[in-house]
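Asker:
Number of protein chains: 2
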Amino acid sequence: MRSDALRNRLRILEAAETVFAEGGTAAPIDDVAARAGVGVGTVYRHFPTKRALLEAIVRHHVDEIVDATDGAEGDPEAFFRFVERMVSVAGSHRELAEELALFGECGEEALAFKADLTERLDRRLACLLAAAQTSGAVRADVTVEDVHALIGGTCVVAGSGGSSPERLAAIIADGLRGGPPRGAAPTG
Amino acid sequence: MRSDALRNRLRILEAAETVFAEGGTAAPIDDVAARAGVGVGTVYRHFPTKRALLEAIVRHHVDEIVDATDGAEGDPEAFFRFVERMVSVAGSHRELAEELALFGECGEEALAFKADLTERLDRRLACLLAAAQTSGAVRADVTVEDVHALIGGTCVVAGSGGSSPERLAAIIADGLRGGPPRGAAPTG
DNA sequence: CTACGATCGGAGCGCAGGTTCCGGTTCCAG
DNA sequence: CTGGAACCGGAACCTGCGCTCCGATCGTAG
């Protein structure tokens, strides 16, 4: 790959990261190109489709969050850190929140990606959840789907409104615990 | 008003209810018109704007849900019924979920409506929350904004995924309680 | 029944955004 | 240095959708 091509590719990714974070998945490609200091044509040479660019970024985020729990699969509290991190990151990345939340209603072309994303996420989530449940930190009747849905929903609202992502994450965490000590405050 | 005009108005509302429930706020007006068995022009004579039609429907839903708690402002458990009902209705009405969740990022024209909606909702929510907190059913440090955000987020995912709205509502309710009896199952 | 005005329907306008195309430019092998 | 392949940029195209317009139609007062 030519050096200018590589440079532009990185610029595009960086620009898209910012633009999608602020404007969500609905942000126009033109904005990405403009912010990258590049023409739309260049964007489309590197990513065949808007969706492809979006997926590259979302996947990167998810991988980063999942990888952050590497080696902690046995730690009961790692589950809560995972949830907190997810909500926190999504709070400043609208596109991530949207992709996490909407898994029922997406076009044919997005289905494969959603399935892959869900698998990556849920595989790790299942490990962490199992550890947390075994240790009694999380009630036994909660399923991975429950957690996935709750995280998705919380992510969507984490970036707006008067509550911080941390507060919201703490409250749903308590709901999952099956009850913290009475009177415990949500952190934040 | 002429009788055919009234008939069409009702048909449009009914069609919009269904179309928006399935397709969310992004559903095109043409679909509404088609389902109502009417031309687009007719829709626009009754509702000056797509947004106006949408707001009519969302407001109706919110009013219905709020009114359902009339006279129960002192009942500590009414708060939970309110949350449950909200999430449950939004689970089969995408447009309601979208309007509830996205209160940061909306165009100029929607701002007044959002403000009004938030006020109606939060006024009643404040009453019910206060009663629940006074009786000790809900932890004292939770704010109306927390609850509003959590409801909004849960509503968004209530309609998709593997978890029922009731399960999700039960889990966040427990998070708000500050802990149910250990081992309690989320209903549903 | 008739006439008039309210109402209807859907073709069409304007705009926004995803995608394509191609002439000009830039990098690198020879 | 230089030829040509890869790359760049942005004008242009196409589709989808909110909304408007106006001739045709329908309900109702008289």
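Heads up: the sequence lines are chains W and P, in that order. Just so you know, we're using the numbering used here here: the first sequence kicks off at 985 and counts up by one. Just so you know, we're using the numbering used here here: the second sequence kicks off at 985 and counts up by one. A virtual CB, placed ideally from N, CA and C, is assigned to each residue, including glycine.
For HIS1132(W) and chain P, any beta-carbon pair shorter than 8 Å?
Answerer: HIS1132(W) counts as touching chain P.
Asker: Measure the beta-carbon distance from GLU1057(P) to CYS1111(P) and round it to whole angstroms, keeping in mind my assumption that it falls under 8 Å.
Answerer: With a Cβ gap of about 5 Å, GLU1057(P) and CYS1111(P) count as contacting.
Asker: Compute the Euclidean distance between the alpha carbons of MET1010(P) and PHE1004(P), then round it to the nearest angstrom.
Answerer: Per the sequence presented here, residue 1010(P) reads as Ala, with Met not at that position. Their Cα atoms are separated by approximately 8 Å.
Asker: Taking buried to mean at least 16 other C-beta atoms within 10 Å of its own C-beta, is PRO1149(P) buried or exposed?
Answerer: Buried, since its Cβ has 16 or more Cβ neighbours within 10 Å.
Asker: Could you pull the start and end residues of the alpha helix (DSSP H) that CYS1111(W) belongs to?
Answerer: Counting along the chain, the alpha helix (DSSP H) containing CYS1111(W) begins and ends at 1092-1118.
Asker: Select from PRO1032(W), VAL1042(W), LEU994(W) and ILE1041(W) the residue whose C-alpha is nearest the C-alpha of VAL1022(W).
Answerer: The option with the nearest alpha carbon to VAL1022(W) is LEU994(W).
Asker: Between LEU1134(P) and ALA1142(P), is the Cβ-Cβ spacing less than 8 Å?
Answerer: No, the Cβ-Cβ distance between LEU1134(P) and ALA1142(P) is not below 8 Å.
Asker: Check whether the Cβ atoms of ARG1104(W) and VAL1027(W) lie closer than 8 Å to each other.
Answerer: For ARG1104(W) and VAL1027(W), no; Cβs fall outside 8 Å.
Asker: Using CA atoms only, rank isn't needed, just tell me which of GLY1055(P), ALA1124(P), GLU1039(P) and VAL1122(P) is closest to LEU1095(P).
Answerer: Nearest C-alpha to LEU1095(P): GLU1039(P).
Asker: So, at 7 Å on beta carbons, what are the nonlocal neighbours of ALA989(W) in its own chain, with the 5 sequence-adjacent residues on each side left out?
Answerer: Counting only Cβ-Cβ distances below 7 Å, and skipping sequence neighbours, we find nothing.
Asker: Of the residues GLY1146(P), VAL1122(P), GLY1145(P) and SER1147(P), which one's Cα is nearest the Cα of ILE1155(W)?
Answerer: Selected option, being the one with the closest Cα: VAL1122(P).
Asker: Looking at chain P, is there any beta carbon in it that lies within less than 8 Å of the beta carbon of VAL1140(W)?
Answerer: Answer yes: the Cβ-Cβ gap between VAL1140(W) and chain P drops below 8 Å somewhere.
Asker: Looking at the structure shown, is LEU1037(W) part of a helix, part of a strand, or coil, going by DSSP?
Answerer: In the structure shown, LEU1037(W) sits in a helix (DSSP, three-state: H, G or I).
Asker: Output yes if chain P places a C-beta closer than 8 Å to the C-beta of ILE1049(W); else output no.
Answerer: It does not; no Cβ of chain P falls within 8 Å.
Asker: Along chain P, which residues have their Cβ under 9 Å away from the Cβ of ALA1121(W)?
Answerer: Within chain P, no residue comes near ALA1121(W); the closest Cβ sits about 12 Å away, beyond 9 Å.
Asker: In terms of residues, what are the limits of the alpha helix (DSSP H) holding LEU1084(P)?
Answerer: Per DSSP, LEU1084(P) belongs to the alpha helix (DSSP H) from 1078-1085.
Asker: From which residue to which residue does the alpha helix (DSSP H) around MET985(P) run?
Answerer: That residue, MET985(P), is in no alpha helix (DSSP H); it is neither H nor E in DSSP.
Asker: Is there a Cβ of chain W sitting closer than 8 Å to that of ASP1158(P), yes or no?
Answerer: True, the Cβ-Cβ gap to chain W drops below 8 Å.
Asker: For VAL1131(W) and LEU1160(W), which I take to be in contact (beta-carbon distance under 8 Å), what is that distance rounded to the nearest angstrom?
Answerer: Confirmed, Cβ separation roughly 7 Å.
Asker: Against chain P, which members of the segment 985-999 of chain W pass a CB distance test of less than 7 Å?
Answerer: Cβ contacts with chain P: none found.
Asker: Suppose the cutoff is 6 Å on Cβ atoms and the five residues either side in sequence are ignored; what does the same chain contact list for ALA1081(W) look like?
Answerer: For ALA1081(W), where only same-chain residues beyond five positions count, the Cβ hits under 6 Å are ALA1074, CYS1139 and VAL1140.
Asker: 8 Å is my cut-off, CB to CB: does ALA1085(P) come that close to chain W?
Answerer: Yes, ALA1085(P) lies at the interface with chain W (some Cβ there is under 8 Å from its Cβ).
Asker: Quick check on the burial criterion: 16 or more other C-beta atoms within 10 angstroms. Buried or exposed for HIS1044(W)?
Answerer: The residue in question, HIS1044(W), is exposed, as its Cβ has fewer than 16 Cβ neighbours within 10 Å.
Asker: For GLY1055(W), does the count of other Cβ atoms within 10 angstroms reach 16, so buried, or fall short, so exposed?
Answerer: When all chains shown are included, GLY1055(W) counts as exposed.
Asker: Strictly below 7 Å CB to CB, what residues from chain P border GLY1136(W)?
Answerer: Under the 7 Å cutoff, chain P gives VAL1141.
Asker: Report yes or no: is there a C-beta of chain W within less than 8 Å of the C-beta of GLY1091(P)?
Answerer: No, its Cβ sits nowhere closer than 8 Å to a Cβ of chain W.
Asker: Leaving out five residues before and five after PRO1165(W) in sequence, what residues of the same chain have Cβ atoms less than 7 Å from its Cβ?
Answerer: Confidence in PRO1165(W) is poor, its pLDDT being 46 and thus under 50, which makes the residue's placement too unreliable to answer from.
Asker: Are any of the Cβ atoms in chain P nearer than 8 Å to that of GLY1021(W)?
Answerer: Output row for GLY1021(W): interface = no.
Asker: When Cβ atoms are compared, which residues of the segment 1057-1081 of chain W fall closer than 7 Å to chain P?
Answerer: The segment 1057-1081 of chain W vs chain P, Cβ under 7 Å: nothing.
Asker: Whose C-alpha, out of VAL1128(P), ASN992(P), ARG1069(P) and THR1002(P), is nearest the C-alpha of LEU1109(P)?
Answerer: Closest by alpha carbon: VAL1128(P).
Asker: Helix, strand or coil: how does DSSP classify GLU998(P) here?
Answerer: In this structure, GLU998(P) counts as helix in the three-state DSSP scheme.
Asker: May I ask you to report which of helix, strand or coil DSSP gives ALA1074(W)?
Answerer: Helix at ALA1074(W).
Asker: For VAL1050(W), name the three-state secondary structure that DSSP assigns.
Answerer: DSSP places VAL1050(W) in helix when its eight states are reduced to three.
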